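Letter by letter, the sequence shown follows residues 1 to 323 in full-length UniProt numbering.
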Amino acid sequence: MQLNQIEQDIWQIELETPYAVGPVNIYIIIKNNRVMMVDAGVSTYPAWRDFQTALHQLNLTTASIDCLVLTHHHPDHTGFLRYLPTSIDLYGHWRNTPWISHDTHFMRRFQTFFQEQAVKMGVPERYYDKLPTFKGYLSMGGTSELKRTINEGDEIPGFEEWQILYTPGHAQSHISLYRATDGVFMSGDFLLEHISTNALLEPPYNDKEEAPKTFLRYRESLIRCLTLDIRKVLPGHGKPFLYPRSFIEERLHNQDKRFDTLKRYIKEKPQTVFEIGKRMFRFVFFKQMDLVLFEVQGYLEWLAKNNEVTIEMKEGTYYYKSP
Ligand SMILES: [Zn+2]
């Protein structure tokens with residue numbers, strides 16, 4: 001565990017996780033004796049113990065926390081929901097709800113959605129276990145409920161200087177907090193300096209909706225971020241970093257390059273998401289198959305948006321080719 005003071009009123013608590021992503025951060029903001037916590041760690045006993053130690057060093061206890069804001073619903077950001085007192089006001093985007101409440105209807109849709117995706121993407125059956133399951137959310141234990149949902153432009157009582165920005169892509173529930181007075185930006189997993197943030201595929205939030213185009217949303221969120229005057233990013237993983245403009249521009253530029261590569265690939269012959277992924281990301285493909293497939297799917301949605309791809313369907317599997 002590491003406890004670092006980041007700004008006069010902001011502390012970062014870094015906690016170990018069992019996930020490949022490494023440690024995760026929680027932020028504590030203290031203003032006029034009110035305490036706001038941003039994100040809720042991972043639900044392991046060592047992380048919970050370390051969190052309490054950090055609070056103790058700040059002369060706080062869990063009872064001192066007035067409100068908790070979730071940047072998004074992933075299990076490494078919502079883990080302590082099972083341990084924290086219910087007196088804490090819980091804020092988050094409404095799209096957190098089915099995940100943190102273990103909505104059974106949504107869980108079923110999740111299951112069917114990824115089974116269908118596997119067929120569409122041409123994933124051989126022996127790799128089906130590499131696709132996402134709901135288990136991370138279930139292992140969070142108890143279910144939680146948002147006290148109030150927040151979205152773009154809303155405010156947290158007592159912390160009105162923080163603007164809520166809706167920054168979907170990595171997760172469709174993702175919000176960021178921005179303080180224009182000193183350019184501090186709490187980015188959750190939307191901006192991470194040393195790990196590439198992936199736009200994860202998610203099932204639709206209701207039966208009538210189509211699957212969200214998460215990669216395109218992520219790209220839009222990045223472009224939108226360039227209009228803000230950000231001085232310091234406080235990310236969900238890793239140390240704070242300064243002036244993210246060139247970093248964001250570089251990300252966008254790399255996406256442009258991948259977009260062109262993909263365009264070249266599909267000119268050769270019709271290919272499935274699985275085939276493209278294996279070729280495009282050959283060094284990490286089997287290690288991170290789900291992330292690679294989601295990424296390729298995202299680029300194909302981008303091509304489709306620009307009318308630069310057509311789809312041939314064979315027995316439920318999609319083959320992508322140049323128009
Ligand atoms: Zn995440």
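Beta carbons: idealized from backbone N, C-alpha and C, even for Gly. Here the structure is a predicted model, which means the values were calculated and not measured.
DSSP beta-bridge partners of residue i
i: Met-36; result: Ile-29 and Cys-67
i: Asn-4; result: Gln-12
i: Leu-177; result: Ile-164 and Met-186
i: Gly-298; result: Answer is none; Gly-298 lacks a bridge partner.
i: Gly-92; result: Thr-149
i: Val-24; result: Leu-15
Residue from the options whose Cα sits closest to the Cα of residue i
i: Leu-303; options: Phe-274, Lys-267, Val-292 and Lys-314; result: Lys-267
i: Ala-47; options: Trp-94, Asn-59 and Pro-23; result: Pro-23
i: Pro-124; options: Glu-301, Leu-300, Val-273 and Glu-161; result: Val-273
i: Ile-164; options: Gly-158, Ile-150 and Ser-173; result: Ile-150
i: Pro-132; options: His-174, Glu-155, Gln-288 and Lys-278; result: Gln-288
i: Asn-295; options: His-73, Lys-305, Met-280 and Val-309; result: Looking at the sequence shown, residue 295 is not Asn but Glu. Out of His-73, Lys-305, Met-280 and Val-309, Met-280 has the C-alpha closest to the C-alpha of Glu-295.
Anticipated Cβ contact below 8 Å, residue i with residue j, distance rounded
i: Thr-62; j: Leu-55; result: 7 Å
i: Leu-177; j: Asn-96; result: Leu-177 to Asn-96, Cβ: 15 Å. No contact.
i: Tyr-91; j: Val-119; result: Actually they do not touch by this definition, with Cβ atoms about 38 Å apart.
i: Leu-226; j: Ile-6; result: Going by Cβ atoms, the distance from Leu-226 to Ile-6 rounds to 23 Å, so no, they are not a contact pair.
DSSP state of residue i mapped onto helix, strand, coil
i: Arg-148; result: strand
i: Thr-317; result: strand
i: Glu-312; result: strand
i: Leu-242; result: strand
i: Lys-305; result: helix
i: Lys-263; result: helix
i: Val-273; result: helix
i: Leu-123; result: The sequence given here places Val at residue 123; Leu does not occur at that position. DSSP places Val-123 in coil when its eight states are reduced to three.
i: Pro-98; result: helix
i: residue 338; result: Past the boundaries of the shown model lies residue 338; the chain is included only from 1 to 323, so the question cannot be answered.
i: His-105; result: helix
i: Ser-139; result: coil
i: Phe-159; result: coil
i: Val-42; result: coil
Min CB distance residue i to chain C below 7 Å
i: Tyr-91; result: This model lacks chain C altogether, as it is built from one protein chain only.
Proximity test, residue i beta-carbon vs ligand 3 heavy atom, cut-off 6 Å
i: His-73; result: This structure does not include ligand 3; its bound ligands are ligand 1.
Sufficient close CB pairs (3 or more, under 8 Å) joining the stretch 74 to 89 to the stretch 39 to 47: Yes: at least three Cβ pairs fall under 8 Å.
Cβ pair count under 8 Å reaching 3, the stretch 250 to 257 against the stretch 275 to 284: Taking a contact to require three or more Cβ pairs closer than 8 Å, the stretch 250 to 257 and the stretch 275 to 284 do not qualify as touching.
The stretch 180 to 189 contacting the stretch 96 to 114, beta-carbon criterion three pairs below 8 Å: No, they do not touch.
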